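Contents: one structure, followed by commentary.
In full-length UniProt numbering, the protein residues as written are 1 to 507.
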């Protein structure tokens with residue numbers, strides 16, 4: 001074990017210049033980067049998504065979205081190219097902005113800006129906006145402008161979404177209202193066109209049909225009786241030259257009314273006295289009818305039989321013509337009723353289909369009106385800032401101390417990297433070197449156990465020369481590595497920028 005330690009100590013001393021060069025190179029780069037790294041200040045602001053002040057569920061509309069989704073939308077709008085360019089120009093974030101392209105400005109602004117969200121069940125939804133830069137006043141101004149953009153975007157976003165929802169449902173209500181009017185007009189037009197075959201009048205038309213059929217049968221019987229009576233009068237006159245005019249004609253309506261009144265008067269006299277007002281009223285009516293019938297009687301009883309026959313036949317013909325006209329009218333109306341009754345079932349189906357369609361449209365219209373009222377209420381809530389909104393929980397403040405860089409950490413990383421490179425070089429050279437340097441190597445590689453081994457014998461002068469060469473190598477490395485770093489930094493590229501480019505290429 002002690003021999004191994006001595007062996008590796010001798011090898012370490014021989015490889016010390018190369019390892020020292022790597023160590024000095026990495027440490028020097030770390031030191032330069034730590035010294036050259038610009039001082040950066042950072043500040044942040046916290047925003048809170050507040051619950052709506054009005055919790056009426058009837059005021060909710062499709063414009064309501066989850067708070068996390070709302071913050072995501074606002075974040076995307078905040079980090080747009082136009083907003084970042086405006087913020088950078090208004091706050092003079094970059095001293096050499098005139099020499100930078102818009103793409104570079106946007107990229108730098110996005111690298112310096114950090115937007116985070118935090119939310120959870122039964123937890124408040126928060127948004128944190130952070131910005132870093134070389135000027136503390138500048139970073140605070142940038143964050144405050146970010147906050148202003150977020151608040152303005154949230155207000156306009158929710159108001160615009162509520163207005164869009166209101167416009168949509170208003171258009172939907174107008175469209176459904178016009179559709180209802182068209183369907184109602186079509187239904188009314190159909191009913192007017194088929195007024196004689198509507199389901200709601202079917203019962204009346206069927207009762208009317210039964211009444212007309214009964215009336216038609218009675219008229220047909222009366223017509224047949226009159227035709228037989230006329231033929232009987234003509235046969236009697238042709239056979240005997242005379243006829244019984246008293247029974248030739250049926251009683252007229254006035255005669256039948258007179259008979260009825262005379263019967264009522266007779267029945268009333270059996271109960272009341274002649275001075276009773278009812279008796280007097282009936283007597284007056286009977287007298288008036290008798291007088292009227294007397295005036296209608298023939299002027300003299302000596303009228304010839306031919307004249308009476310002609311008058312009688314003329315009256316019968318008049319009544320026959322009236323009955324025939326009535327029969328034709330009744331038959332025409334019956335045909336129309338039959339046609340309407342036959343068309344009623346199909347009309348019922350058509351009307352029910354149109355009414356169902358109208359009922360469906362009416363239901364959609366009612367739902368749209370309800371949603372329109374909800375959208376109006378939501379718009380009022382948003383315009384009055386009583387709904388869900390974003391408020392500033394913690395505004396950005398001017399930072400007192402820089403947030404980066406951590407210079408001791410950078411130097412420590414450079415030193416650690418130098419040690420790692422030096423150790424890696426030592427291990428790599430040891431793995432690559434396959435020469436025999438110890439007795440154990442002879443046994444391991446040649447499978448021979450030597451009786452004895454002799455080390456390389458040096459004189460005192462050789463030993464001093466070897467040590468001098470090592471010290472000279474270390475001195476050369478100690479001088480050349482800083483000189484090389486200085487030359488690169490002065491004549492080629494600053495080491496911090498060179499290191500940043502190397503890291504970017506590697507990542």
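Ideal Cβ placement from N, Cα and C applies to all residues, glycine included.
This one's a predicted model, so the numbers in the text were calculated from it and none came from an experiment.
Contact between the region 98 to 113 and the region 152 to 170 (3+ Cβ pairs under 8 Å) | no
DSSP state of residue 300, grouped into three classes?
-> Caution is warranted here: a pLDDT of 40 is assigned to residue 300, below 50, making its placement in the model unreliable, and the coordinate value is therefore given only provisionally. Of the three classes helix, strand and coil, the one that applies to residue 300 here is coil, per DSSP.
What does a CB cutoff of less than 6 Å around residue 179 pick up in its chain, not counting 5 residues either side in sequence?
-> 361
Buried versus exposed, by CB contacts within 10 Å (16 or more), residue 508 = For the chain, the structure presents residues 1 to 507; residue 508 sits outside this window and is missing.
Residues in its own chain within less than 8 Å of residue 258 by CB, not counting five upstream and five downstream?
-> Same-chain partners within the cutoff: 286, 289, 290, 293.
Do you know how far the Cα of residue 139 is from the Cα of residue 403?
-> 12 Å
Would you call the region 417 to 427 and the region 67 to 75 in contact, with 3 or more CB pairs under 8 Å?
-> no
What are the complete alpha helix (DSSP H) segments, minimum 4 residues, inside the region 335 to 382?
-> none
Under 8 Å, do residue 136 and residue 41 count as touching if we go by C-beta distance?
-> yes
Count the other C-beta atoms from every protein chain shown that fall within 10 angstroms of the C-beta of residue 493, then say buried if there are 16 or more, exposed otherwise.
-> By the neighbour-count rule (16 or more Cβ atoms within 10 Å), residue 493 is not buried but exposed.
How about residue 176 and residue 334: do their beta carbons lie closer than 8 Å?
-> no
Pick helix, strand or coil for residue 48, following the three-state DSSP scheme.
-> Shown here, residue 48 sits in a strand according to DSSP, grouped into three states.
Pull up the CB-CB distance for residue 399 and residue 43, whole angstroms please, since I reckon it's below 8 Å.
-> 5 Å
Give the straight-line distance between the Cα atoms of residue 239 and residue 343, rounded to the nearest whole angstrom.
-> Per the coordinates, the alpha-carbon of residue 239 lies some 56 Å from the alpha-carbon of residue 343.
For the alpha helix (DSSP H) that contains residue 394, what are its first and last residues?
-> Run containing residue 394: none in the alpha helix (DSSP H); it sits in the beta strand (DSSP E), 389 to 394.
Cβ atoms of residue 45 and residue 129: under 8 Å apart, would you say?
-> Yes, the pair counts as a contact, with Cβ atoms nearer than the cut-off.
Would you mind stating whether residue 145 and residue 93 have Cβ atoms separated by less than 8 Å?
-> no
Taking the alpha helix (DSSP H) that residue 88 falls in, what are its first and last residues?
-> 81 to 90
Between 397, 165, 482, which lies nearest to residue 368 when the distance is taken from Cα to Cα?
-> Considering only alpha carbons, the answer is 165.
From 125, 233, 119, 82, pick the residue whose C-alpha is nearest to that of residue 110; which is it?
-> 82
With DSSP as the reference, label residue 118 as helix, strand or coil.
-> In the structure shown, residue 118 sits in a strand (DSSP, three-state: E or B).
Go ahead and pull the three-state DSSP assignment for residue 270.
-> coil
Status (buried if at least 16 other CB within 10 Å, exposed otherwise) for residue 379 | buried
Exposed or buried, which one is residue 273 when buried takes at least 16 other CB atoms within 10 Å?
-> exposed
Take the Cβ of residue 47 as the centre, count every other Cβ of all protein chains shown within 10 Å, and call the residue buried at 16 or more, exposed below.
-> By the neighbour-count definition (other C-beta atoms within 10 Å, threshold 16), residue 47 is a buried residue.
Residue span of the beta strand (DSSP E) that contains residue 100, given as start and end = Run containing residue 100: none; DSSP gives neither H nor E here.
Express the C-alpha separation of residue 489 and residue 35 in angstroms, rounding to a whole number.
-> 13 Å
Opposite residue 493 in the DSSP bridges: which residues?
-> The partner list for residue 493 (beta bridge, DSSP) is empty, contrary to what the question assumes.
Locate the beta strand (DSSP E) running through residue 198, then write down its first and last residues.
-> No beta strand (DSSP E) holds residue 198; DSSP gives it neither H nor E.
With 16 other Cβ atoms within 10 Å as the buried cut-off, status of residue 275 = exposed
Is it true that the CB of residue 372 sits closer than 8 Å to the CB of residue 173?
-> yes
Please work out which residues of its chain come closer than 7 Å, Cβ to Cβ, to residue 22, disregarding the five sequence neighbours upstream and downstream, and give them in chain order.
-> If we look at residue 22 and ignore the five residues flanking it on each side, its Cβ neighbours are 418, 421, 422, 425.
Does DSSP classify residue 94 as helix, strand or coil?
-> coil
How is residue 39 classed by DSSP in three states: helix, strand or coil?
-> coil
Cα separation between residue 354 and residue 391?
-> 54 Å
Collapsed DSSP secondary structure at residue 132 in the structure displayed = strand
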